[in-house]
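Numbering (the working numbering), first residue to last: 87 to 212.
Right under this line is the structure:
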């Protein structure tokens, strides 16, 4: 979890400044929920996402910047774009790890197992 926190702390601080635009609250809240969902999936089953340093930091920044969405002179949708990009990165990283565990960590496979993975059928041997 500390790796996730280290990689995303800067992104979270940048992207959470523009989450209060009332015209686009729904997509921004959806992105926030997506970030939290990916954080939850990165934890062990018995761990609570609310106790993770990344969640605490993210929510603190979200609340701290809820007063205005014009705190910095940036395009209005830039922070929403960065949040969506971060959520996409976290989801893709998780999926990559799942695929890596499924296909790489099994060691040597037989020809039949390899053919089954890629969807080929081997000819019958007589």
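All C-beta atoms, glycine included, are put in the ideal place defined by N, C-alpha and C.
Under the rule that 16 or more other beta-carbon atoms within 10 Å means buried, what is residue 140, buried or exposed? By one-based count along the chain shown, residue 140 stands at place 54. Answer is buried; the Cβ neighbour count reaches 16.
For residue 149, which residues of its own chain have a beta-carbon under 7 Å away from its beta-carbon, when the five flanking residues on both sides are left out? Stepping through the chain shown from its first residue, residue 149 is reached at position 63. Here the set comprises nothing.
Anyone know if the C-beta pair for residue 114 and residue 173 falls short of 8 Å? Start at 1 with the first residue of the chain shown, and residue 114 comes out as number 28. Start at 1 with the first residue of the chain shown, and residue 173 comes out as number 87. For residue 114 and residue 173, no; Cβs fall outside 8 Å.
Rounded to the nearest angstrom, what separates residue 202 and residue 185 at their Cα positions? Within the chain shown, the letter at position 116 stands for residue 202. Within the chain shown, the letter at position 99 stands for residue 185. Near 16 Å, if we compare the C-alpha coordinates of residue 185 and residue 202.
Look at residue 138 and residue 180 and say whether their C-beta atoms are less than 8 Å apart. Residue 138 sits at position 52 when you count from the first residue of the chain shown. Residue 180 sits at position 94 when you count from the first residue of the chain shown. The answer is no: Cβ separation not under 8 Å.
Enumerate in chain order the residues of its own chain whose CB-to-CB distance from residue 126 is below 6 Å, with the five nearest sequence positions on each side excluded. Numbered from its first residue, the chain shown carries residue 126 at position 40. Once the five neighbours on either side are set aside, the close Cβ partners of residue 126 are 135.
For residue 177, which residues from the same chain have a beta carbon less than 7 Å from its beta carbon, with the 5 sequence-adjacent residues on both sides left out? As a first step, residue 177 is located in the chain shown; it is residue number 91 there, counting from the start. Within the same chain, residue 177 has close Cβ partners 124.
Residue 116: which of 169, 130, 147 and 133 sits nearest, CA to CA? Position 30 of the chain shown, counted from the first residue, corresponds to residue 116. If we check each option's Cα against that of residue 116, 169 comes out closest.
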